[in-house]
Amino acid sequence: MFFRDVIGQSEVKSSLLGQFHEGRVPHALMFSGPPGCGKLPMALAFARYLLCESPGDDDACGHCRSCMMLGNRYEHPDLHFVFPVVKRGGGTVRCDDYLRQWDAFISRQPYFAYQSWLDEIKAGNSQPMIYANESDEILRKLSFKSAMGGYKVLIIWLPEKMNEACANKLLKLVEEPMGLTCIIMVTEDRPSVLPTIRSRAQDIMFRGIPVDDLAGVLESRYGLQRSEAHKVAASADGSLVKCIRTVEVDSDTGFCFDMFVRLMRLAYSRDVREMKAWAETMAEIGRERQKTFFEYSQRMLRDNFVYNFHLDGLLDMDDRERLFATRFAPFINERNVISIMRKMSEAASNVENNVNPKMIFFDFALQMIVEIAVKGARRG
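Just so we're aligned: the sequence shown equals residues 1236 to 1615 in our numbering.
1. Return the chain-ordered ranges of every alpha helix (DSSP H) run that is complete within the stretch 1522–1592 and spans a minimum of 4 residues.
2. Three or more beta-carbon pairs under 8 Å between the stretch 1445–1458 and the stretch 1419–1430, yes or no?
3. Tell me the rounded alpha-carbon separation between residue 1277 and residue 1300.
4. Over what stretch of residues does the alpha helix (DSSP H) that includes residue 1401 continue unbroken?
5. Using CA atoms only, rank isn't needed, just tell me which of 1515, 1407, 1554 and 1402 is closest to residue 1598.
6. On the CB-based measure, 16 or more other CB atoms within 10 Å of its CB, does residue 1615 come out buried or exposed?
7. Check whether the Cβ atoms of residue 1478 and residue 1471 lie closer than 8 Å to each other.
8. Mind checking whether residue 1314 and residue 1286 have CB atoms under 8 Å apart?
9. Do residue 1317 and residue 1365 have their CB atoms nearer than 8 Å?
10. For residue 1610, collect the residues of the same chain with a Cβ closer than 6 Å to its Cβ; drop the 5 residues on either side in sequence, then sort them by chain order.
11. Express the C-alpha separation of residue 1361 and residue 1434 in angstroms, rounding to a whole number.
12. Please confirm whether residue 1312 and residue 1236 have their CB atoms less than 8 Å apart.
13. Beta strand (DSSP E) containing residue 1341: first to last residue?
14. Secondary structure at residue 1413, three-state DSSP: helix, strand or coil?
15. Is the beta carbon of residue 1393 sitting closer than 8 Å to the one on residue 1290?
16. Measuring CB to CB, does residue 1263 end up less than 8 Å from residue 1409?
17. How is the beta strand (DSSP E) around residue 1387 delimited, first residue to last?
18. Determine which residues share a DSSP beta bridge with residue 1419 and list them.
19. Going by the beta-carbon positions, is the gap between residue 1368 and residue 1425 smaller than 8 Å?
20. Which of the three DSSP states is assigned to residue 1448 in this structure?
21. Apply the 10 Å Cβ neighbour rule to residue 1407 and answer buried if 16 or more other Cβ atoms are within range, or exposed otherwise.
22. Could you check whether the Cβ of residue 1371 sits closer than 7 Å to any heavy atom belonging to the ligand HEM?
23. Going straight from the alpha carbon of residue 1258 to that of residue 1518, what length do you get?
24. So what does DSSP say about residue 1311, is it helix, strand or coil?
25. DSSP on residue 1317, reduced to helix/strand/coil?
26. Report yes or no: do the stretch 1381–1392 and the stretch 1555–1562 share at least 3 C-beta pairs separated by less than 8 Å?
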């Protein structure tokens, strides 16, 4: 990640570059601002710039020993990371136990949501945190002389997840860093960071990414037309993560439609064997797509119920969905619409809580038999 790869945030870039060129880089920085605005990407870009042996006026050179070490990954002897993790069984756990996973994860997509990291490490119901023993690891690493003879950089992602004992131990390091060291803390919840640490770090406030910058990314990287890109960007609250999520949801619409239609037809025909196969397919698609399916299904349920009242202005259907509604809508009525919506919400909640997905989807499918084939049948 170079400065040129960070989307928007020109004021923050200028501030960091100015401090470097004036020889007054703070020993501790705290990047805060709305989710998805590029705080971690900026931390990665600034770390590369600090470690670069021949930095240019506005970016790392890209060809010195340090830049070549970083390459497309973040493996460098003077760059260290601290981030929330979960324990596996008994014993202690360190960030280094997850370091390869973390490196591959942020290399693929430095703009991501906290939930994506939880999914990556399969946190389940566990609450990730930065454990007390991590402070000893940090002190040990930063006590060594710089391998490349320049800066040592520590990036702490989500310091608000730090165990209090760990935070207290790190306080001395923040107050009196060892040698040429820069600690960059990236927070989503600044008030929850230990006050004594907050007060000793220079605040760098981020704003949401401008709409035009977001739209440009959606056009160049995701192939959206200009009008559609601006529409998505305008509704994203300055977050590239939200933009990416919207694009992914849109690309999943066809899959969600096919699986929704298949389930409703199986429920009507009471084909339990095929329902089991449907549930197994849904169990394999990953938690984010499973949540997207239920979001889509709730919208389809609402629209099919409204379709019965001929209120086209309230519908949000494409041509394929509308054609399906001509046959399916009569099966969604006052007897079952609330019950189905409740069951969808419960299933989505179970997905969020990491319940066995095969059980979630097979149980949900079986419940649809009653809702569609029994309650949904016309009464004459």
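A virtual CB, placed ideally from N, CA and C, is assigned to each residue, including glycine.
Inspection of the coordinates gives the following:
1. 1522–1542, 1554–1563 and 1572–1587
2. no
3. 21 Å
4. 1399–1410
5. 1515
6. In this predicted model, residue 1615 has a pLDDT of only 41, less than 50, meaning its place in the structure is not dependable; the value taken from the coordinates is given anyway. Exposed is the call here.
7. yes
8. yes
9. yes
10. 1570 and 1571
11. 30 Å
12. no
13. Run containing residue 1341: none in the beta strand (DSSP E); it sits in the alpha helix (DSSP H), 1334–1343.
14. coil
15. no
16. yes
17. 1387–1392
18. 1264 and 1390
19. no
20. helix
21. exposed
22. In the structure on display, the ligand HEM does not appear, and there are no ligands present to speak of.
23. 54 Å
24. coil
25. strand
26. no
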